[in-house]
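Peer 1: Let me give you the structure first, and then I'll get to my questions.
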Amino acid sequence: MALNITGRKLFVKALKEEGVDTIFAYPGGMITDIVDELYKTEGIRVVLGRHEQALVHEAEGYARATGKTAVVLVTSGPGATNTITGIADAYYDSIPMVIFTGQVPLHLIGNDAFQEVDIVGMTRSITKLGVTVRNREDMGRLIKMGFQVASTGKPGPVLIDIPKDIQVAQGSPDYPTHVDIRGYHPNENVHIGQLKKAYRLLKNAKRPLILAGGGVRISGAQKELLQFAEKMKIPVTTTVMGKGVMPEDSTLYIGNCGMHGRFAANKAVTECDVLFSIGTRFNDRITGDLEKFAPKAQIVHVDIASASISRNVVVDVPVTADAKIALERLVEYAEEIDTKKWLCELKAWEKEHPLSMPNSKVGVCPQTICEAINQVFPNANIVTDVGQHQMWASQFIKVNKEQEFITSGGLGTMGFGFPAAIGAAIGNPKKPVVLITGDGGFQMNMQEMATAMTEKIPVIICIFNNSNLGMVRQMQQLFYGKRYEITDLSAADGSYYPDFLKWAEGYSCPGIRVSDAADVVPALKKAKANKEGPTVIDFIVSPDDLVLPMVKSGTPLSSMILK
Amino acid sequence: MEKMKNRWIALYVENQVGVLAKVSGLFSAKSYNLQTLTVGTTEREDVSRMTISVKADDVTFEQIKKQLNAMVEVIKVIDLTTIPIHMKEILYATVSGLDVTGKTEAFQIAEVFARGGSVKICDIGGDSVLFECTLTENKNNELISLLKSRFKKVQIVRGGAVAVEAISRSNR
Numbered sequence: 008m009a010l011n012i013t014g015r016k017l018f019v020k021a022l023k024e025e026g027v028d029t030i031f032a033y034p035g036g037m038i039t040d041i042v043d044e045l046y047k048t049e050g051i052r053v054v055l056g057r058h059e060q061a062l063v064h065e066a067e068g069y070a071r072a073t074g075k076t077a078v079v080l081v082t083s084g085p086g087a088t089n090t091i092t093g094i095a096d097a098y099y100d101s102i103p104m105v106i107f108t109g110q111v112p113l114h115l116i117g118n119d120a121f122q123e124v125d126i127v128g129m130t131r132s133i134t135k136l137g138v139t140v141r142n143r144e145d146m147g148r149l150i151k152m153g154f155q156v157a158s159t160g161k162p163g164p165v166l167i168d169i170p171k172d173i174q175v176a177q178g179s180p181d182y183p184t185h186v187d188i189r190g191y192h193p194n195e196n197v198h199i200g201q202l203k204k205a206y207r208l209l210k211n212a213k214r215p216l217i218l219a220g221g222g223v224r225i226s227g228a229q230k231e232l233l234q235f236a237e238k239m240k241i242p243v244t245t246t247v248m249g250k251g252v253m254p255e256d257s258t259l260y261i262g263n264c265g266m267h268g269r270f271a272a273n274k275a276v277t278e279c280d281v282l283f284s285i286g287t288r289f290n291d292r293i294t295g296d297l298e299k300f301a302p303k304a305q306i307v308h309v310d311i312a313s314a315s316i317s318r319n320v321v322v323d324v325p326v327t328a329d330a331k332i333a334l335e336r337l338v339e340y341a342e343e344i345d346t347k348k349w350l351c352e353l354k355a356w357e358k359e360h361p362l363s364m365p366n367s368k369v370g371v372c373p374q375t376i377c378e379a380i381n382q383v384f385p386n387a388n389i390v391t392d393v394g395q396h397q398m399w400a401s402q403f404i405k406v407n408k409e410q411e412f413i414t415s416g417g418l419g420t421m422g423f424g425f426p427a428a429i430g431a432a433i434g435n436p437k438k439p440v441v442l443i444t445g446d447g448g449f450q451m452n453m454q455e456m457a458t459a460m461t462e463k464i465p466v467i468i469c470i471f472n473n474s475n476l477g478m479v480r481q482m483q484q485l486f487y488g489k490r491y492e493i494t495d496l497s498a499a500d501g502s503y504y505p506d507f508l509k510w511a512e513g514y515s516c517p518g519i520r521v522s523d524a525a526d527v528v529p530a531l532k533k534a535k536a537n538k539e540g541p542t543v544i545d546f547i548v549s550p551d552d553l554v555l556p557m558v559k560s561g562t563p564l565s566s567m568i569l570k
Numbered sequence: 015m016e017k018m019k020n021r022w023i024a025l026y027v028e029n030q031v032g033v034l035a036k037v038s039g040l041f042s043a044k045s046y047n048l049q050t051l052t053v054g055t056t057e058r059e060d061v062s063r064m065t066i067s068v069k070a071d072d073v074t075f076e077q078i079k080k081q082l083n084a085m086v087e088v089i090k091v092i093d094l095t096t097i098p099i100h101m102k103e104i105l106y107a108t109v110s111g112l113d114v115t116g117k118t119e120a121f122q123i124a125e126v127f128a129r130g131g132s133v134k135i136c137d138i139g140g141d142s143v144l145f146e147c148t149l150t151e152n153k154n155n156e157l158i159s160l161l162k163s164r165f166k167k168v169q170i171v172r173g174g175a176v177a178v179e180a181i182s183r184s185n186r
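Dropping the structure here:
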C-alpha cells in the first residue's frame, strides 16, 4: 500500500492528473496550505488576479480560448462570495470550470466563524455540482467527479469546498481515473427516428432556416454545420453565443437574430416555414415575444440538455443530442433542396435594411472602429464586455473559423470583458486578443490592469468611451422620454471621466486616445506592435449612438426599431 | 393556459448533505408550485426517496421532471401520475371543546372514514380527541373539511403523501 499523503498534496496531484497547466487564484486564510503546496509545484502557472470575481472571468476566457476546464482557487468567506457573479456567468454560458474554495475547519462549520459562509448553499442554483469535502478519504473522488461533471454533457461550473483541516489531513494518495456517477448520464447518442423526422421537415420546406447557438461551438460542430447547410442550401442565422460557428463570409450566413439582430435575420425567423434550431435554449433575447416567435414555422430543436427543449418554445420535433453527433448524421442524409427563391427574399431584406450606422456627431463611429479591428486583427480572438459596444461588436465584427468571439451572453455581466480577455490571452498566447469594452463595464474590473501588466498580457483594450451607461441610456432615449437618470458617468463638469490614459499611466501601461476616424487604424496598429503588455485605446464615441435594429423587450421579432 | 392538475413524482436521490435543499430550491427558483415533499431512507443507506406532489400544467410538469433528472444527485425520477400506485398520507387532527355528543360524533366519523384506510382515535382528553389517520391525500382533505364543518376547534398536522408503485399484475 502506498503511503498516505496530505489533502494539499492530493490537491496538486489531482490538478496534474487532470492536465491543468494554469489556475487563477487569490490567497486567503483558509487556503494557505494549498497555496504553500503550489509554491513547491512545478508546471502549474498560478495567475494572481486582483479580485475573485475577475479570477472567474479570467478562467472563463481561458476555457473559451482553450476548450479546457478552467480552475479557480479562492479562500473562504468573502473570497468565495466574490466568485458568485462569475460562477453564474459561467453557468449560463455553459463554461467548464472547477472552483475550489477554502472553508473553515470542519468543527467550526455552522459557527458563523471568521470568514465562514455556506458557499455551496449559496451557489446551488448556479453550479452543476457543489460539494464540501467532509472526509479526507472522499477528496480524490469528489475532485475527479467535479472535473468529470464540469466538462461533460452541457458543460458548466462545479464548486468544491475544502475545509482547512481536510487540506492537511493524511489520507490515500490515490486519484481515480474515472468516477461512476449513477445520477449523471450525459447524452452521447441521438434518436435516429427523431432526426429523420427533422430531416423530412427540412426536405419538404420552402423557407427553411437554421438557428445555431453556442452549443454548436461547444461540441465543435462548426465544420458539420457548414457542410449540412451547404449541402441542403439552407440559410443560417446565429444567436450571440453562436456567433462564429458559421463562417461570416458564407453566402448562406445571414447574421445574428434577436433583440439586436439583423433586419433580414429577424425577418427570416418570422417568415420561415421550418426552423431548425441547434444548441440554443431560446433565450428571450433571441425570441422576443414568445407567442409570436417563428409563427409560421414548424420547429426542430436539437439540444444536449433535454431540459432546454420545449421549455421556452414548444417544439414540433425535439432531438436530445450533442450538436456534433446530430449534425454528423444529418450530413449523411442531406440532399440539396431548392431554396433559391427564399435566399433571394433574404437578400432583398438585407438590401432593404442593411446593417449600418449613421455617422457620429461626436468622436468616432463604433462601426468604423469595429471594421478597423476586422482589418488590423483578422485572426484575433475577440472579447467583449456587456452593453452597446457588445452589440455593435456582435453586428460588425467578423469572425472566421480561427477566431473566438468571447462574450457574456446569458448573464450579461458588466465587468466580464477585461478579465476574460486576460484569460483568453493566457490560454492561447499565440493569438492576439482584442478587448472591446465600454467605459462603464471596464470600470467594473479595471483593477485587473495589475494582473495584465505583471503577467505581461498583450491585450488590446479598446474602450468605446461615451462616458455613459449606453445600453440603459439608449432605453431612456427611446422609451423613457430622454430622462437620463443615473446613466451619465461624466465628471461633475461634464467631461469624460476618468481619464483612462492617466489611469493607465499609473500602471505604466501605454495609452492612446482616438477621437478622429483617421486615427483609428494607426492606433490599432501601434497597439498591435506592443507585445510586452496591454495597450489602452480610449475611443471617444458619442452617447447618442444607438444599437439598431432593436426589438423592444417582450415584443415580437418582426417589430424592429430601425432608426 | 393549460389546466393545473395535482401530480406526483417519486425521486431516488443520493443521501447526502444538501440534496434536499437542492431539490426544494429548484421549486422556489423556478416558481414551480410545490404542494408536499416527503423524504426518507430506503433499503440502501446511501439512497433516499422523495415523494413530491406538485400542482402544474402539462408543459411545466414535463419541465419539472427534466430539471430534476438533470441534477447530478438525482438518481431516478418516477412519474407516479400515470401508473398504478399505493399512496397514503399520515394526518393528526386534534378536535377540542367537545361535549359528550361531540365526542360520540368524532368516534362515528372515525369509524366511517376507517373504511378508506386506517383511522383511529389514538388519544383522548376531557374535552378533546386526537385522530390518527393514514389515508390518501384526497380522503384526508375530505376528513378535514368534515371536521371543520362539524367542530369549532380543529388542529391539523399533515405529513405529506408517501407513494409507492403498485406491484405489477403479472407479478402477483
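The listed protein sequences derive, respectively, from chains E and V. Reading the first sequence from the start, the letters are residues 8 to 570 in our numbering. Reading the second sequence from the start, the letters are residues 15 to 186 in our numbering. For each residue, glycine too, the CB sits at the ideal point set by N, CA and C.
1) Buried or exposed, going by whether 16 or more other CB atoms sit within 10 Å of the CB of T76(E)?
2) For R224(E), does the three-state DSSP call read helix, strand or coil?
3) Mind listing the chain E neighbours of V88(V)? Cutoff is C-beta to C-beta under 7 Å, in chain order.
4) Given a threshold of 16 other Cβ atoms within 10 Å of its Cβ, counted over all protein chains shown, does D545(E) qualify as buried or as exposed?
5) Report the residue from I467(E), C469(E), I468(E), Y491(E) whose alpha carbon sits nearest the alpha carbon of L476(E).
6) By the 9 Å beta-carbon criterion, what residues does the region 306-337 of chain E contribute toward chain V?
7) If you follow the alpha helix (DSSP H) that H396(E) is part of, which residue opens it and which one closes it?
8) Would DSSP call S317(E) helix, strand or coil?
9) Less than 7 Å between CB atoms is the rule here; does L136(E) satisfy it with respect to chain V?
10) Any residues in the region 119-131 of chain E with a beta carbon nearer than 7 Å to a beta carbon of chain V? Which ones, in chain order?
11) For K437(E) and C516(E), I'd like the C-alpha separation in whole angstroms.
12) Do you know how far the Cα of S257(E) is from the Cα of V387(E)?
13) For chain E, find out if any of its Cβ atoms is closer than 7 Å to the Cβ of A70(V); answer yes or no.
14) Does the distance from the C-beta atom of T246(E) to that of G220(E) stay below 7 Å?
15) State whether the region 64-78 of chain E contacts the region 422-434 of chain E, with contact taken as three or more CB pairs (one from each stretch) at a distance under 8 Å.
16) In the DSSP assignment, find the unbroken beta strand (DSSP E) run with P215(E) in it and report its ends.
17) Please classify F107(E) as buried or exposed, where buried requires at least 16 neighbouring CB atoms within 10 angstroms.
18) Compute the beta-carbon to beta-carbon distance between V548(E) and F471(E), rounded to the nearest angstrom, for a pair I have assumed lies under 8 Å.
19) Pop quiz: T134(E) and Y98(E) are said to be a contact at Cβ under 8 Å. What is the actual Cβ separation, rounded to whole angstroms?
20) Between which two residues does the beta strand (DSSP E) holding D40(E) run?
21) Return the residues of the region 156-177 of chain E that lie within a Cβ-Cβ distance of less than 7 Å from chain V, sorted by chain order.
22) Once DSSP output is grouped into helix, strand and coil, what is the label at S42(V)?
23) For a contact meaning CB atoms closer than 8 Å, what does V73(V) contact in chain E?
24) Take S367(E) and list the residues in its own chain whose beta-carbon comes closer than 6 Å to its own, dropping the five residues that flank it on each side.
25) Please go through the region 144-219 of chain E and give each complete beta strand (DSSP E) segment of 3 or more residues, from N-terminal end onward.
26) By DSSP, does T115(V) sit in helix, in strand, or in coil?
27) If you run the structure through DSSP and keep just helix, strand and coil, what is E59(V)?
28) Thinking C-alpha only, which one of G140(V), G32(V), K44(V) is nearest A314(E)?
29) List the DSSP bridge partners of F31(E).
30) Does any C-beta atom of chain E lie closer than 7 Å to the C-beta of K36(V)?
31) If we cut at 7 Å on Cβ distances, does Q81(V) have a partner in chain E?
32) Please tell me whether R269(E) and L362(E) are closer than 7 Å, where the distance is taken between their beta carbons.
33) Do you know offhand how far I135(V)'s Cα is from G190(E)'s?
34) Answer yes or no: does any C-beta atom of chain E fall closer than 7 Å to that of A43(V)?
35) Under the three-state reduction of DSSP, which class applies to S132(E): helix, strand or coil?
36) Does the Cβ of F486(E) have 16 or more other Cβ atoms within 10 Å, making it buried, or fewer, making it exposed?
Peer 2: Working from what's here:
1) Answer is buried; the Cβ neighbour count reaches 16.
2) DSSP, read as helix, strand or coil, puts R224(E) in helix.
3) Those are G190, listed as they occur along chain E.
4) The residue is buried, with at least 16 neighbouring Cβ atoms inside 10 Å.
5) Distances from the alpha-carbon of L476(E) to those of I467(E), C469(E), I468(E), Y491(E) put Y491(E) closest.
6) Against chain V - using a Cβ distance shorter than 9 Å - the residues of the region 306-337 of chain E are A312, S313, A314, S315, I316, S317, R318, V321.
7) Residues 395-403.
8) Looking at S317(E) - three-state DSSP - the assignment turns out to be coil, as it is neither helix nor strand.
9) At least one C-beta of chain V is nearer than 7 Å to the C-beta of L136(E).
10) Listed by position along the chain: V127, G128, R131.
11) So the alpha carbons of these two residues sit roughly 21 Å apart.
12) Position check: residue 387(E) holds Ala in this sequence, whereas Val was assumed. Those two C-alpha atoms are separated by around 19 Å.
13) No, A70(V) lies away from the interface with chain E (no Cβ there is under 7 Å from its Cβ).
14) Taking 7 Å as the Cβ cut-off, T246(E) and G220(E) qualify as a contacting pair.
15) Short answer: they touch.
16) Looking at the DSSP string, the run of the beta strand (DSSP E) that includes P215(E) is 215-219.
17) Classification of F107(E): buried, given that the 10 Å Cβ count is 16 or more.
18) Yes, V548(E) and F471(E) are in contact; Cβ-Cβ is about 5 Å, under 8 Å.
19) The pair is a contact, with the Cβ atoms about 7 Å apart (cut-off 8 Å).
20) Unbroken run through D40(E) is the alpha helix (DSSP H), 39-46; no beta strand (DSSP E).
21) Correct list: V156.
22) Helix at S42(V).
23) By Cβ distance, chain E contributes S317, V321.
24) Correct list, in chain order: S549, D552.
25) The region 144-219 of chain E is shown to contain whole beta strand (DSSP E) runs of 3 or more residues at 164-170, 215-219, in chain order.
26) Helix at T115(V).
27) Coil.
28) Closest by alpha carbon: K44(V).
29) Beta-bridge analysis with DSSP links F31(E) to V54(E), V79(E).
30) Yes, K36(V) lies at the interface with chain E (some Cβ there is under 7 Å from its Cβ).
31) Taking 7 Å as the threshold, the shortest C-beta distance from Q81(V) to chain E falls below it.
32) Taking the C-beta atoms as reference points, L362(E) is found nearer than 7 Å to R269(E).
33) C-alpha separation (whole angstroms): 43 Å.
34) Taking Cβ atoms only, chain E reaches closer than 7 Å to A43(V), which makes this a yes.
35) Of the three classes helix, strand and coil, the one that applies to S132(E) here is helix, per DSSP.
36) The residue in question, F486(E), is exposed, as its Cβ has fewer than 16 Cβ neighbours within 10 Å.
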